[in-house]
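Right, one structure below, let's go through it.
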Amino acid sequence: MEPFRDPPGYSADVIMNAKAYWLGLLLLLTSFPLLAQMNTYTLDTRHQLASDLVPTLKELLPPGGSVTSFNNVLIIKTTADNFTQLQNIIEQLDTPIRQLMVSVTQDERIARNRRSLQVDGSLRAGDGEISLGDPEKDRLSIDYGTRSRNNQGTQRVRTLEGQPAFVQIGQQVPVTSTNGWNSSTQYQSVVRGFYVTVRVRDKVADVTIETRNDRLQTGGGQTPQGARPIDTQGATTRVQVRLGEWIAIGQLDEDSRQSDRQLNRRSDGTLSRRGSFYLKVDEI
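First residue of the sequence shown: 1, per our numbering; consecutive thereafter.
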């Protein structure tokens with residue numbers, strides 16, 4: 001058999017271009033069966049949210065594949081072989097969602113110092129009389145002292161793995177407003193607490209903590225309703241703890257000053273709060 005020779009009458013460039021053309025056409029034709037193997041599949045999840053599985057599944061798709069979720073149903077465009085692999089991965093990921101109990105214990109020490117001076121009685125000036133406080137008492141009261149107490153308590157919140165739960169550590173703060181000769185005291189809610197989101201792996205809880213800390217503004221007056229504006233601050237942190245064990249998650253170190261000025265009364269006080277917070281996660 002004679003070896004294959006290029007056809008006579010054609011230049012080498014023309015022959016090379018022709019070979020490249022036929023080779024490219026052959027590769028294109030052989031790729032059509034692969035593209036034709038792309039199918040669309042739907043799959044219901046039993047425990048986990050379908051949207052939570054999408055980011056992981058996207059990393060396992062071949063070129064041209066896609067995955068989305070709708071009404072907790074996975075919609076996957078991929079090859080048959082890849083879909084079989086994804087089914088095995090989904091079975092491992094679609095496990096029952098754990099029910100968890102998050103406990104937060106608070107060990108707080110509060111010290112309050114207060115000094116006050118109050119005058120009750122009446123004062124005659126010519127034909128007139130000026131009354132201060134309760135005219136019938138006719139006295140001068142001086143109050144000075146320090147009070148302290150310890151607060152210990154545990155709060156518990158039930159939640160699902162991967163879902164945020166809010167643990168509130170709030171207080172009612174007395175706010176005194178003055179209108180002419182009259183004054184009134186109302187209690188204004190100041191929220192302290194944090195959101196916890198827990199994921200568990202091998203008996204170890206990975207806890208994401210997003211704190212919220214409200215504080216009454218020390219200046220700037222009051223709102224038309226007599227309330228003082230509130231500043232809100234927040235921060236996010238992450239800790240790991242074994243199930244059933246306590247872990248320290250933060251400390252409280254706060255000092256505040258309160259002052260009250262009225263016609264017959266002057267008072268000043270300071271409030272110091274020191275404490276620690278501990279967290280524990282249990283599987284129910």
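All C-beta atoms, glycine included, are put in the ideal place defined by N, C-alpha and C.
Can you give the Cα-Cα distance for residue i and residue j, rounded to whole angstroms?
| i | j | result |
| --- | --- | --- |
| N82 | T45 | 18 Å |
| K77 | V198 | 32 Å |
| E283 | T84 | 33 Å |
| I209 | Y195 | 6 Å |
| L93 | V241 | 22 Å |
| T237 | T79 | 41 Å |
| S103 | H47 | 25 Å |
| W181 | S259 | Only weak support exists for where W181 lies, its pLDDT of 46 falling under 50; the value from the coordinates is given anyway. Approximately 17 Å, taken between the alpha carbons. |
| G145 | S116 | 9 Å |
| S51 | N71 | 9 Å |
| F277 | Q155 | 11 Å |
| N39 | K203 | 39 Å |
| D134 | R149 | 32 Å |
| R257 | T159 | 38 Å |
| Q106 | E254 | 15 Å |
| R265 | N151 | 31 Å |
| M101 | E245 | 12 Å |
| E91 | L252 | 45 Å |
| L279 | R147 | 29 Å |
| E108 | D143 | 26 Å |
| L243 | V200 | 9 Å |
| I89 | G153 | 44 Å |
In terms of residue numbering, what span does the alpha helix (DSSP H) encompassing residue i cover?
| i | result |
| --- | --- |
| K203 | Segment: none, K203 is in no alpha helix (DSSP H) and carries neither H nor E. |
If you follow the beta strand (DSSP E) that residue i is in, where does it begin and where does it stop?
| i | result |
| --- | --- |
| E59 | First-last for E59: undefined, no H or E at that position. |
| T270 | R265 to E283 |
| G65 | Neither: G65 is in no beta strand (DSSP E) and is coded neither H nor E. |
| E254 | I247 to R261 |
| R46 | Here R46 belongs to no beta strand (DSSP E), and DSSP marks it neither H nor E. |
| Q168 | A165 to Q168 |
Just verifying my parser: in three-state terms, what is the DSSP assignment at residue i?
| i | result |
| --- | --- |
| Q240 | strand |
| N82 | helix |
| E91 | helix |
| G143 | What sits at residue 143 in the sequence shown is Asp, not Gly. Three-state DSSP puts D143 in a strand. |
| D286 | Nothing about residue 286 can be reported from this structure: the residues present for the chain run from 1 to 284 only. |
| D52 | helix |
| R98 | coil |
| K137 | coil |
| G193 | strand |
| N113 | strand |
| D127 | coil |
| G153 | strand |
| L37 | For the sequence presented, residue 37 should be read as Gln rather than Leu. Coil. |
| E108 | strand |
| I230 | Because the pLDDT at I230 is just 47, under 50, the model does not fix this residue reliably, and the value given afterwards should be weighed accordingly. Correct three-state label for I230: strand. |
| E210 | strand |
### Query
Within the chosen definition, does the region 110 to 117 reach the region 264 to 276 through at least 3 CB pairs nearer than 8 Å?
The region 110 to 117 vs the region 264 to 276: in contact.
### Message
If contact is defined by three or more beta carbon pairs under 8 Å, each pair taking one atom from either stretch, is the region 91 to 105 in contact with the region 155 to 164?
### Response
Result yes; three or more Cβ-Cβ pairs closer than 8 Å.
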